[in-house]
Amino acid sequence: MRQPDSITAAPRITKRGRELLRDPLLNKDTAFSDAERTIFGLHGLLPPWIADLDTQIAQIIVNVRRQATDLDRYVYLESLHDRNETLYYRVLLTHLEELTPIIYTPTVGHACTQFSEIFQRPRGLYLSADQRGQFATILNNWPENDVEVIVVSDGSRILGLGDLGANGMGIPIGKLALYVLAAGLHPQRTLPVLIDVGTNNVALRADPLYLGLRQPRSVSADYAATVDEFMQAAHARWPRALIQFEDFSNDQAFTLLDRYRDQLLCFNDDIQGTGAVTLAGILSALRILDQRLSEQRIVFLGAGAAARGIADSIVAGMMAEDGLTLDAARRRIWTIDSQGLVTVNRTDELSEHKRPFAQDAPPLDDLIAVIHAVQPTILIGVSGQAGSFNETVIRAMQQYCPRPILFPLSNPTSKAECTAAQVDSWTNGAALFASGSPFPPILRTGQLVTPSQCNNLYIFPGVGQGVVSCQSCCVTDGMFYIAARTLAGMVSDAQLAQGRLYPDLTQIRDISLQIAIAVAELAFAENLAGIARPDDLTAFIKARFFEPSYQAYDAV
Ligand code: NAD
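Okay, here's the thing in structure tokens:
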């Protein structure tokens with residue numbers, strides 16, 4: 001059995017002059033010391049003032065804040081990302097709550113819709129269907145031999161925005177920035193990938209600036225062969241790398257996960273990560289209500305990837321926490337799609353992923369009818385239908401349940417089923433609320449209360465760090481369950497007293513560390529790990545965390 005790796009400290013510097021300044025992993029901009037400027041031939045290439053990291057952060061923040069729009073802030077921060085990664089990550093870490101919504105949801109959705117226009121420098125790997133047969137060669141163009149996490153998308157379902165083709169690359173880039181930020185993955189060991197099989201977005205194909213293949217998406221066998229070539233080539237080049245599927249349309253998401261989950265180290269964040277983070281929020285809400293998971297009746301508006309992932313996680317929770325059978329747990333969940341309540345007797349052909357949650361019940365067309373029939377205690381929105389949790393819906397729910405758990409999760413903000421302020425006013429603050437995209441604080445009895453955000457960021461970086469740190473051979477549902485439990489356990493009583501369902505995002509590195517430890521422990525216990533268990537697992541995983549700070553360089 002292999003012994004654990006450790007990440008080497010400072011890289012050996014062979015670059016000098018402008019080449020060094022143009023390497024974002026090594027560049028320090030104005031923070032190169034006088035001695036370094038001499039050794040690496042930088043005098044004259046930089047202004048004379050030698051800044052420290054804090055001064056540089058202050059300068060960046062002034063510039064971020066004076067941008068006119070969040071999209072401008074995104075563009076500005078991405079140019080910093082491409083220039084100086086240490087500074088980029090330090091700025092993000094020191095201004096986490098302000099900047100996470102800029103580099104990820106909701107702004108990243110807007111950035112993806114405009115991706116061709118705001119494109120500056122390429123980042124990550126593009127693999128297009130017309131290059132089939134050459135993927136292994138193309139992967140060799142990537143300069144890093146030690147990739148640990150790959151986030152891959154085919155751009156077919158970007159957030160709630162639909163098919164954005166190659167413009168979806170903003171998502172893998174953003175998710176990997178979150179990996180570095182939250183769970184200390186080394187940026188050099190991350191790889192964003194966009195598999196371009198065309199787009200069915202006609203407006204994009206007609207856009208003269210569009211960066212991707214101008215053809216309709218490949219289908220069935222062609223599509224499967226393209227993804228398969230990527231999976232095999234990536235595994236051959238980086239056998240230890242975790243592959244995270246991201247924003248694939250649900251007709252592909254389930255198929256790909258089922259095909260690869262037992263063969264390769266991979267997971268789907270839209271399904272499994274969403275399931276775990278939502279379960280964690282529900283467990284916190286139940287701590288406030290002092291109720292059991294198995295007592296709940298849960299209605300989903302939307303029956304796609306997110307709904308299935310969340311429903312499976314809730315079922316796993318009901319079975320593990322309260323001893324329900326699989327069937328009894330599933331019967332407590334009702335799903336609604338664009339055709340109405342998902343039932344066993346529906347005349348349209350139900351997709352495979354919807355069948356386990358089809359109820360043996362009469363047909364019902366709309367949400368209100370389902371609420372009166374089911375009398376739910378939990379309502380989850382994963383439909384992408386803005387405004388569908390209106391006042392009538394929420395008041396109907398409250399007739400049966402004085403303190404409903406309401407999770408309008410659709411992203412970006414413009415797609416949310418309702419807002420935090422609406423729920424607060426319609427339920428007089430009684431509802432337990434979490435949303436997919438962040439909402440501004442609400443004034444409640446003279447106090448500003450920040451609405452909880454059910455953010456996948458709480459889960460996937462920790463799970464990813466956990467599996468790659470112990471070189472697990474696979475990612476199991478048990479790992480996501482333990483991640484959800486760990487996260488829920490980190491919400492303090494004081495936070496619960498304010499109705500907060502998740503810990504502060506400012507704690508994200510500690511949260512990810514605790515999740516990584518729990519996940520790795522499970523991998524060791526279940527003999528899935530590829531290394532011997534380090535005596536001090538906490539210290540081992542902590543030591544793997546990339547700290548964005550400047551190190552003194554020496555010439556080789
Ligand atoms: P999806 O495309 O797989 O599923 C969407 C579902 O909504 C489908 O079942 C569809 O039939 C249903 N739907 C569409 N119109 C409807 C209508 N009028 N009434 C009822 N149902 C309708 O998408 P997904 O991956 O499941 O994601 C759904 C939403 O959830 C997205 O907006 C996504 O951004 C969001 N999401 C949030 C989080 C989070 O908050 N942590 C995580 C994942 C996904």
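Residues 1 to 556 in the UniProt record's numbering are what the sequence shown spells out, letter by letter.
Beta carbons: idealized from backbone N, C-alpha and C, even for Gly.
When you compare the region 469 to 484 with the region 528 to 547, are there three or more beta-carbon pairs, one atom per stretch, that lie closer than 8 angstroms? yes
Give a single yes or no on whether residue 562 has its beta carbon closer than 7 angstroms to a heavy atom of ligand 1. No statement about residue 562 is possible, as the shown extent of the chain runs from 1 to 556 and does not include it.
Could you tell me the alpha carbon to alpha carbon distance between Pro208 and Tyr76, rounded to whole angstroms? 24 angstroms
Answer yes or no: the CB of residue 586 versus the heavy atoms of ligand 1, is any distance below 7 angstroms? The shown model of the chain, from 1 to 556, leaves out residue 586, and the question about it has no answer.
Could you say if the region 41 to 59 and the region 116 to 135 meet the contact criterion of at least three C-beta pairs nearer than 8 angstroms? With a cut-off of 8 angstroms, the region 116 to 135 and the region 41 to 59 do not count as touching, because too few Cβ pairs lie within range.
Helix, strand or coil: which one does DSSP assign to Asn456? Looking at Asn456 - three-state DSSP - the assignment turns out to be helix.
Reducing DSSP to helix, strand and coil, say where Val382 ends up. coil
Which residue comes first and which comes last in the beta strand (DSSP E) that contains Ser153? Val149 to Ser153
At least 3 beta-carbon pairs within less than 8 angstroms: the region 44 to 52 vs the region 76 to 88: no
Proximity test, Cβ basis, 8 angstroms: Ile57 and chain B: Looking at the structure shown, chain B is missing, and only one protein chain is on hand.
Can you tell me which of the three DSSP states Asn345 falls into? coil
So who's on the other strand from Thr335, going by DSSP bridges? Phe300
Between Ala111 and Ile394, what straight-line distance do the alpha-carbon atoms span, to the nearest angstrom? As the crow flies, the alpha-carbon of Ala111 is around 32 angstroms from that of Ile394.
How long is the line joining the alpha carbons of Gln359 and Val374, rounded to whole angstroms? 11 angstroms
Buried or exposed by the 16-neighbour rule on C-beta atoms within 10 Å, applied to Glu229: That one is buried.
So, with DSSP's three-state summary, where would you put Thr445? coil
Taking the beta carbon of Arg544 as the centre, do at least 16 other beta carbons fall within 10 Å, making it buried, or is it exposed? buried
Range covered by the beta strand (DSSP E) that runs through Thr190: Thr190 to Asp196
Who are the near neighbours of Ile511 in its chain, counting only those whose CB is closer than 7 angstroms to its CB and skipping five residues on each side? Excluding residues within five positions, the ones whose Cβ falls inside 7 angstroms are Tyr458, Gly462, Leu487, Met490 and Pro503.
Would the beta-carbon of His186 fall within 8 angstroms of that of Phe460? no
Tyr126 - partner residues in DSSP beta bridges: Leu194
Terminal residues of the continuous beta strand (DSSP E) containing Phe433? Leu432 to Ser435
Beta bridge counterpart(s) of Asn268 as assigned by DSSP: Phe245
Please check the pair Gln244 and Val151, which I expect to be a contact at CB under 8 angstroms, by giving their CB distance rounded to whole angstroms. 5 angstroms
Just reading off the alpha helix (DSSP H) that Phe230 is part of, what are its end residues? Secondary structure note for Phe230: its alpha helix (DSSP H) is the uninterrupted segment Ser220 to Arg237.
Ligand 1 and residue 557: does the residue's C-beta get closer than 7 angstroms to at least one heavy atom of that ligand? Because residue 557 is not part of the residues shown, which for the chain are 1 to 556, the question remains open.
Nearest to Val149 (by Cα), restricted to the options Gln215, Leu242, Ala206 and Tyr126: Leu242
Pairwise C-alpha distance: Pro101 and Val423: 22 angstroms
Within 7 angstroms: the Cβ of Leu301 and any heavy atom of ligand 1? yes
Between the C-alpha atoms of Ala9 and Asp262, what's the straight-line distance to the nearest angstrom? Below a pLDDT of 50, predicted positions are generally treated as unreliable, and Ala9, at 46, falls in that range; the measurement from the model is reported next regardless. In a straight line, the C-alpha of Ala9 is about 34 angstroms away from that of Asp262.
Distance CB(Gly387)-CB(Leu432) smaller than 8 angstroms: No.
Exposure of Gln551, with buried meaning 16 or more beta-carbon neighbours within 10 Å: exposed
Only counting the same chain, and skipping five residues up and downstream in sequence, which positions put a Cβ closer than 7 angstroms to that of Pro402? Ala430
Between Ser294 and Asp337, is the Cβ-Cβ spacing less than 8 angstroms? It is not a contact, given that the beta carbons lie outside the stated cut-off.
Look at Ala412 and Thr105 and say whether their C-beta atoms are less than 8 angstroms apart. Note on residue identity: the sequence assigns Pro, not Ala, to residue 412. Yes, the pair counts as a contact, with Cβ atoms nearer than the cut-off.
Taking DSSP as the reference, what is the three-state secondary structure of His81? It is helical.
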